[in-house]
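The block underneath contains the structure these notes are about, expressed in structure tokens.
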Amino acid sequence: MPLFQMTKPNTRQYGVAILVGIIGGLLSAFVKSGTEGILPPRAPGVTPPPVELLQELGLNIQHMVYTYSDQIINWGGNGIHIVFSIMFGIFYCVIAEVFPKVKLGQGLAFALLVAIAFHGICLPVLNLSPAVWNLSFDEIFSELIGTCLWMWTIEIVRRDLRNRITKKPDPEFQP
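Once you know that position 61 of the sequence shown is 61 in the UniProt record's numbering, the rest is easy, because the numbers rise by one and skip nothing.
Structure follows, in structure tokens:
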């Protein structure tokens, strides 16, 4: 199958793709947060890019907190991660309806592209993160593993829920 081969328009389920993208994006945001708890992507005291972004926008992150189990949690930075994850979940699921190759390696190829585009290019260009060559191996490893698990979660949810809801296989497998 060629890289940019498209599915037949009558086999696409955009509404379902948006719904499962929201669900997969939300669930995968928690997977990414859990991964970062086990493999921290930055040294202690380094401001996470989502928090840095909020500060650059002039928002006071000190007021974006809640207390849970006697711990102060920054909902602002977590909120950015969740919104980003849902947006990418929707994008990925809609694109998967049209271009089946985006699912290569159960979404892992797409995950690597996202990791390179965001952690390697966008965040450094926006001065929200150091250039990739200035990151430690631990930071790079954490982001790659976390991004791959994040996208794989979206793909697993996409495939399962799409097929359950439509009672049909993915578009490229339909006549």
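A virtual CB, placed ideally from N, CA and C, is assigned to each residue, including glycine. Just so it is clear, the structure is predicted and the values come from calculations on it, not from any experiment.
Whole-number beta carbon distance between residue j and residue i, since they are thought to touch under 8 Å
{"i": "V98", "j": "F110", "result": "Not really, about 14 Å apart at Cβ, beyond 8 Å."}
{"i": "G76", "j": "M64", "result": "3 Å"}
{"i": "G89", "j": "I154", "result": "5 Å"}
{"i": "T35", "j": "L149", "result": "5 Å"}
{"i": "C93", "j": "V20", "result": "5 Å"}
{"i": "S28", "j": "H81", "result": "With a Cβ gap of about 10 Å, S28 and H81 do not count as contacting."}
{"i": "P49", "j": "L128", "result": "4 Å"}
{"i": "Q174", "j": "K168", "result": "6 Å"}
{"i": "residue 203", "j": "A115", "result": "Outside the modelled stretch of the chain, which goes from 1 to 175, sits residue 203, for which no answer is possible."}
{"i": "E172", "j": "T7", "result": "5 Å"}
{"i": "G146", "j": "P41", "result": "7 Å"}
{"i": "I165", "j": "V16", "result": "5 Å"}
Reduced DSSP secondary structure (H/G/I, E/B, other) of residue i
{"i": "T67", "result": "strand"}
{"i": "I127", "result": "The displayed chain sequence assigns Asn, not Ile, to residue 127. N127: coil per DSSP, three-state reduction."}
{"i": "N74", "result": "strand"}
{"i": "P147", "result": "Note that residue 147 is Thr in the sequence shown, not Pro. T147: helix per DSSP, three-state reduction."}
{"i": "R42", "result": "coil"}
{"i": "T7", "result": "coil"}
{"i": "H59", "result": "Looking at the sequence shown, residue 59 is not His but Leu. Looking at L59 - three-state DSSP - the assignment turns out to be coil, as it is neither helix nor strand."}
{"i": "F173", "result": "helix"}
{"i": "L104", "result": "coil"}
{"i": "T47", "result": "coil"}
Beta-ladder partner(s) of residue i, from DSSP
{"i": "N134", "result": "Answer is none; N134 lacks a bridge partner."}
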